[in-house]
Each structure stands twice: as C-alpha cells, then as structure tokens.
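First comes the structure, then the notes that go with it.
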Amino acid sequence: MSTVDDFPNELLFDVFTHLPLSALIAARTVNKRWRELIAVTPVSPSRRRLLDLYIDAIIEMRLATGRPTQGRNGKAG
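So this is what it looks like as structure tokens:
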C-alpha cells in the first residue's frame with residue numbers, strides 16, 4: 001500500500017498547481033519535502049507573489065516573536 005510520501009515529485013507538483021492558495025499555504029506545513037516542493041512548484045506569477053507575500057509575513061512575524069522560521073525555499077532562516 002502506497003502513501004502520499006511515496007508519490008513522485010511530478011505528481012505532487014501537478015496536485016499543488018491545482019490547489020487554492022489557502023490550501024497551498026496549509027500544505028507547506030505538512031513536512032519538509034512538501035515545503036521545499038511548494039517553493040519550486042510552477043504557479044502563475046500572481047499566485048507566486050501572493051504565496052511569497054504570505055511567507056514573508058510569516059517570517060516577519062516569527063522574527064518579531066523570536067520563533068524559528070522556514071524561508072521561501074523551505075530552509076531554516
């Protein structure tokens with residue numbers, strides 16, 4: 001029996017490109033692999049700007065509170 005963790009990156013890219021922005025943001029929290037894949041998922045420029053804006057806002061909020069952050073590329077920052 002396969003799990004989502006067994007899915008190839010190409011399949012996850014396809015799924016991610018069809019998610020609404022709110023679901024894409026939530027999907028970033030699933031695990032490190034998803035966070036890194038979402039960072040490079042091909043999405044429209046307007047969706048990418050909104051996603052990056054949200055991620056930047058989260059980073060700023062966490063920096064202000066002293067909590068660790070994950071950058072746009074999924075790496076600690």
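All residue numbers for the sequence shown refer to the numbering used here, where the first residue is 1 and numbers rise by one.
Note that the Cβ used here is the ideal one computed from N, Cα and C, for glycine as well.
Predicted model only: the values in this text are computed from it and were never measured.
Cut-off 6 Å between Cβ atoms - residues of its own chain near residue i, not counting five sequence neighbours on either side
i   : result
R28 : R35 and I38
DSSP-derived helix/strand/coil call for residue i
i   : result
N88 : Here the chain comprises residues numbered 1 to 77, so residue 88 is not present and cannot be evaluated.
S22 : helix
P45 : helix
A35 : Just to set this straight, residue 35 is Arg in the shown sequence, not Ala. Residue state, collapsed to three classes: helix.
Neighbourhood of residue i by C-beta, 8 Å cutoff - its chain only, sequence neighbours within 5 removed
i   : result
V43 : F16, T17, L24 and L51
Contacts around residue i, its chain only, beta-carbon distance under 7 Å, and the 5 residues preceding and following it disregarded
i   : result
R47 : L21
N9  : L37
Under 8 Å between C-beta atoms of residue i and residue j
i   : j   : result
T41 : F13 : yes
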